[in-house]
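> Taking the working numbering, the leading residue of the sequence shown gets 4, the next gets one more, and so forth.
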Amino acid sequence: MARLLDGTELSRVMREEMAQEVAALRAVGVTPGLSVVLVGNNPASRAYVASKTRACEALGMKGQTLELPEDVSKEELFATIDRLNTDPEVHGILVQLPLPAHLPYKAILEHIRPEKDVDGFHPLNAGLAFVGDPRAFVPCTPAGIMEMLRRENIPTRGRHAVIVGRSLIVSKPLASLLVAPGPDATLTLTHRHTPDLAHHTRQADILIVAVGKQNLITADMVKPGVVVIDVGQNRVPDPGSARGYKMVGDVDFDNVSQVASAITPVPGGVGPMTITMLLANTLQAARQAHQARAT
Ligand code: NAP
C-alpha cells in the first residue's frame, strides 16, 4: 500500500512557518495583502475565493474579495485592476478564473502588474520562471507539487517524470521546474494526441496527472513503486453526502495505491498545497515591495 502524500498536513506545517514571517513583517508595519477579483456568481469560484481569503486571514494577512457583476465591462474590470495595481496595501492580485466569455481573460491577466501577479499567469512571470529567475512568481499548483516532492524527500535527479496534460497553469510550468538544475529530472510530457499513453505512464518513476478525467490512470498503467501526483479535480455525484457530490482525481486511487510507493489523495493532496503556495507568493510580493521601498 502506497504512502499517502498528505498535502493538508504539509500545508499546516508550511502555514505555521509563514505565520512567523507574516508577524515579522507586521512588526515593521507591513501587512501582506491579497485582493481577489471575483466576477459573477459561479458557486465553485465563490467557494475557491472564500477559502483563499480565509487562508490569508488565518495567517495574519489581509484578504479581500472584490465582487463584480457577471455583465461587468472590460473597461470597469481594467479600472478595478488599475486601482489595485497602485494601492500600496495590496501586494497580491488574483482574478479568479474562469471569466465570463465576453471578457478577454489574457488581456486582463496581463493588466495585473507583474510584481503583484501572485498567480504567476502574467507572461513576464512565465518567462522569468522559465529562465529560473528567483523574482518569478511561479503558478501555485506546480510550485506546490515541487514543494511537496522536496519536503517528502522524493528524489527527482535523473528520475523519469511523466506529466499527463500540457496546460499553461499546471503542466508546462511544472515541466520546466522539474528539468531545471537542482531537480534535474528526465521528462516526458504527454497530451491528448499522445498515442499509447500507457506506454509512457508505465515508464514513470514520478507520474503527474493533470487532465480532469476520472479514472484516466488505472493500475495497469503504472509500474510498481511509482510516485503518483494526482492534480485532477472531478466533481462526481454522491447522493449520500450533504453536498450531493464528491471530488475525485484523475487516478483510480484504490487500485493504483496498491502498486505505487507514494500517492496524493483527492481531496487533501495537491489542492491544499496550491492555496499554501498562493499565500507564499503573496508573502514574497509583500517582502519584495517592502525591500523595494527601503532601497
Ligand atoms: P486543462 O487546461 O483542461 O488541460 C488538460 C490537459 O489534459 C490538456 O493539455 C489536454 O490535452 C490533456 N488531455 C486531455 N485528455 C487527455 C488524454 N486522454 N490523455 C492525455 N492528455 C489529455 O486543465 P488544467 O487546468 O491543467 O487542469 C487539469 C485538472 O487539474 C482539472 O481537473 C483541474 O480541475 C485540476 N486542477 C487542480 C488544481 C489543484 O489545486 N488541485 C489546480 C489546477 C487544476 P490537449 O492540450 O491536447 O487538449
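The beta-carbon is built from N, C-alpha and C at its ideal position, and this holds for glycine as well.
As the structure is a computational prediction, the values presented were derived from the model and not from experiment.
(1) Determine contact between the segment 139 to 156 and the segment 98 to 113, defined as no fewer than three beta-carbon pairs at a distance below 8 angstroms.
(2) Select from K55, L181, D9 the residue whose C-alpha is nearest the C-alpha of V134.
(3) Closest by CA to V214, which one among L286, P227, Q236?
(4) Taking 7 angstroms as the line, does the beta carbon of S179 fall inside it for any heavy atom of ligand 1?
(5) Between S179 and A5, what straight-line distance do the alpha-carbon atoms span, to the nearest angstrom?
(6) Span of the alpha helix (DSSP H) holding E92?
(7) Which residue from R29, V259, L8 puts its Cα closest to that of G147?
(8) Could you tell me the alpha carbon to alpha carbon distance between L210 and D74, rounded to whole angstroms?
(9) Can N284 be considered in contact with ligand 1, in the sense that its beta carbon sits closer than 7 angstroms to one or more heavy atoms?
(10) Go ahead and pull the three-state DSSP assignment for S54.
(11) Can you find the residues in the same chain that come closer than 6 angstroms, C-beta to C-beta, to I232, ignoring five residues on each side of it along the sequence?
(12) Closer than 7 angstroms to a non-hydrogen atom of ligand 1 - does that hold for the CB of S174?
(13) Since Q67 sits in a beta bridge, which residues does DSSP pair it with?
(14) Less than 7 angstroms between the CB of H196 and some heavy atom of ligand 1, yes or no?
(15) Can you tell me the Cα-Cα spacing of K226 and V269, whole angstroms?
Judging by the given coordinates:
(1) The segment 139 to 156, when compared against the segment 98 to 113, does not touch it at the 8 angstroms Cβ threshold.
(2) Nearest option by C-alpha distance: L181.
(3) The option with the nearest alpha carbon to V214 is Q236.
(4) Because no heavy atom of ligand 1 lies under 7 angstroms away, the Cβ of S179 does not count as near it: no.
(5) S179 and A5: Cα-Cα distance of roughly 27 angstroms.
(6) First-last for E92: undefined, no H or E at that position.
(7) The shortest Cα separation from G147 among R29, V259, L8 belongs to L8.
(8) Distance between the alpha carbons of L210 and D74: 41 angstroms.
(9) Short note on N284: C-beta not closer than 7 angstroms to any heavy atom of ligand 1.
(10) DSSP places S54 within a helical segment (H, G or I) once states are collapsed to three.
(11) Only residues of its own chain outside the window of five on either side were considered, and among them I148, I211, T267 have a CB closer than 6 angstroms to the CB of I232, listed in chain order.
(12) The answer is yes for S174.
(13) In DSSP, Q67 forms a bridge with S38.
(14) Yes, the Cβ of H196 comes within 7 angstroms of a heavy atom of ligand 1.
(15) Taken atom to atom, the span from the alpha-carbon of K226 to that of V269 is near 21 angstroms.
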